[in-house]
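Have a look at the structure below before the remarks.
Residue numbers (this note's numbering), protein chains in the order written: chain D, 10 to 219; chain F, 1450 to 1556.
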C-alpha cells in the first residue's frame, strides 16, 4: 500500500516527465545550450586577447579613422540593423504573415552579407598594410594571431548565419519550417550580433591610431 | 516577469516600438564607445569601460531581442548564472599571471 502511494506522488511531481520545465520547445532549448557553449568559446578567446593586449605596452595601433574605424562602425550598425529586421521577422512569423516574415528574413541575410563583404575589404586593406595572421610591421605577431583568429571565427559565424537565414526564409516560405523554427534561427542571429558587440570595442576601439 | 506573463499570449511579446527603442539605445551606446575610443585613457581603464558598456548592450539584446525577459524564469536561471560562473573560472586562471606581468613591465 505504502509503495503505490509513493508511486502516485512520483507520477504527479514535475520530475516524473511529461511537463516542460522551461516551457520552450526542444529546438529552442537546444539553440540556447549551443549559445552558452559558444559564449564560452568566445569568452576564452577574448580573455586571452585581453591578457596579451594589456600586458604588451608596444601593442600595434593600426586602425585609422578611415577606413578602419568608419568601416567597422558602419559594420556594427549594419549588424544591429539586421538584428532589428530579424526580431521584426520573428514577430511577423508569429502573426502568420508569411510573405512579410520572409522579406524580413531575406533583409536580415542581406545585412549579414553586407557585413561579410565590408569585413573582407577591411581584412584585405590590413593585409596590404602588412598585418598578417603570422606577422605585423611592428613585429608583434600576437596582434595578427588574435585579430584574425577572433574576427575570423566571428566571420565564420556570420557566414553560417547568412546561409542559415536564407535556408530558413525559403523553407518558411514554402511551409517546410514553422514560426518556432524562425524564432530559433533568430536566437542564433542575435547571438552573432551580441558577439560582435564585444569584438568591435575590444579589438578595434582598443587599437585606434591616436 | 510575472506581470508580463498575463500579457504574454504565447510568443510575440514586444511591439515594434519597443524593438525600435532598444535598437536606438544599442546604436547610442555604440556611438559612445567609439567616442571613448578616441579619449586618451590608460588601456586597463579603457578596456574595463568598454567591456562594461558592451555588457549593457549584451543584456539588452538577450532580454529583448532574444526574448529571454519574457521566457519562464527557470530558463534564464539555467542559462545565465552557470555561464557567468564559467567565465569567472576562466578569468581566475588567466588574470593573476597577467597582472603580475604588468607589474614586472612597469618596474
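The C-beta atom is built at its ideal place from N, Cα and C for all residues, glycine as well.
The beta carbon of residue 212(D) does not come within 8 Å of any beta carbon belonging to chain F, so the residue lies off that interface.
Only residues of its own chain outside the window of five on either side were considered, and among them 171 have a CB closer than 7 Å to the CB of residue 122(D), listed in chain order. Beta-bridge pairing by DSSP links residue 144(D) to 141(D). Residue 1507(F) belongs to the set of residues whose beta carbon lies under 8 Å from a beta carbon in chain D. Going by C-alpha positions, residue 1483(F) is about 9 Å away from residue 213(D). DSSP, reduced to helix, strand and coil, places residue 43(D) within a helical segment of the structure shown. Annotation: residue 1511(F) is outside any alpha helix (DSSP H) and is labelled neither H nor E by DSSP.
Between the alpha carbons of residue 86(D) and residue 22(D) lies a gap of roughly 48 Å. In the three-state scheme derived from DSSP, where H, G and I count as helix and E and B as strand, residue 90(D) is classed as helix. For the region 35-52 of chain D, residues whose beta-carbon sits nearer than 7 Å to a beta-carbon of chain F comprise 41, 45, 48, 49 and 52. A straight-line Cα-Cα distance of about 28 Å links residue 24(D) and residue 192(D). Under the three-state reduction of DSSP, residue 152(D) is assigned to helix.
Between residue 1492(F) and chain D, the shortest Cβ-Cβ separation is below 8 Å. Within the region 1516-1538 of chain F, the residues whose Cβ lies closer than 8 Å to some Cβ of chain D are 1516, 1520, 1521, 1523, 1524, 1527, 1528, 1531, 1532, 1535 and 1536, listed in chain order. The C-beta of residue 76(D) comes no closer than 8 Å to any C-beta of chain F. In the assembly as shown, residue 1465(F) is an exposed residue. Its beta-carbon has fewer than 16 other beta-carbons within 10 Å.
Taking the Cα of residue 1527(F) as reference, the smallest distance to any Cα among 57(D), 41(D) and 136(D) is reached at 41(D). Inside the region 161-208 of chain D, DSSP marks whole alpha helix (DSSP H) runs of 4 or more residues at positions 188-208, from first to last along the chain.
Secondary structure at residue 31(D): coil, using DSSP grouped into helix, strand and coil.
Burial state of residue 209(D) is buried, judged by a 10 Å Cβ sphere holding 16 or more other Cβ atoms.
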